[in-house]
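Sequential numbering of the sequence shown, starting at 7, is according to the working numbering. We put the CB at the ideal spot given by N, CA and C, even for glycine. Small disclaimer: the values here were computed from a predicted structure and weren't measured. Worksheet for the structure shown next.
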Amino acid sequence: MKALALLSALAFIASPLLAADDAWITDLPKALEQAKTEKKLVLLDFTGSDWCPPCKNLHAKVLTSEEFSKFAKDSLVLVELDFPKAKPQTAELKAANQELSKKYGIRGYPTIIVLDRPPHSPTPVPVLTVSGAAGAKAIS
């Protein structure tokens, strides 16, 4: 009985984190279509999820927080572009992430880029970039 109660408590505590992870997608073209349909911005998270301490910290303290999750649900389509060292990825996903890293000139992790689609423009443009663990000076 105690085990069941403990398991239920853990599931309750972990459910917001699981829901937050489910919101992240890895396909940028799909995300852009979703953002267009839902009239949202696209947030790109270039991360090294299994080796980068600042990435892990950002994810644990910000990107899975209740406040961020509420904001993101209404305003953002979330895209994770991961560059793990040990976590398995398909060759297609690795290649797509590498291509986007080159396209956006990623030089450090984590890097967050917010994309918007200006009126009458088929191409989304970056409206905010925060790069690395450098702090406020990294905002451009």
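Selection from the options that minimises the alpha carbon distance to residue i
i: Pro130; options: Trp30, Ala29 and Leu34; result: Leu34
i: Trp30; options: Asp88, Lys100, Ser107 and Arg113; result: Asp88
i: Thr43; options: Pro132, Asp80 and Ala97; result: Asp80
i: Pro60; options: Pro128, Pro116, Pro125 and Arg123; result: Pro116
Cβ distance (whole Å) where residue i is taken to contact residue j below 8 Å
i: Tyr110; j: Ile119; result: 6 Å
i: Leu121; j: Leu50; result: 7 Å
i: Val68; j: Phe77; result: Not confirmed; about 11 Å, so no contact.
Other residues of its chain near residue i: CB distance less than 6 Å, five sequence neighbours each side excluded
i: Val83; result: Ala37, Gln40, Ala41, Lys46 and Val48
i: Ser146; result: The predicted position of Ser146 is uncertain, since its pLDDT is 36 and thus under 50; a value taken from the coordinates is nonetheless stated next. Closer than 6 Å at Cβ, skipping near neighbours: Thr135.
Spatial neighbours of residue i in its chain, beta-carbon cut-off 7 Å, leaving aside the 5 residues before and after
i: Asn103; result: Leu87, Asp88 and Phe89
i: Gly114; result: Ser137 and Gly138
Residue i CB to nearest heavy atom of the ligand SAH below 6 Å
i: Asp122; result: Of the ligands one can find in the structure shown there are none, so the ligand SAH has no counterpart to examine.
Bridge partner(s) assigned by DSSP for residue i
i: Asp33; result: Answer is none; Asp33 lacks a bridge partner.
i: Pro132; result: Leu121
Taking 8 Å as the threshold, find out whether the stretch 89-96 comes into contact with the stretch 54-65 through three or more Cβ pairs. yes
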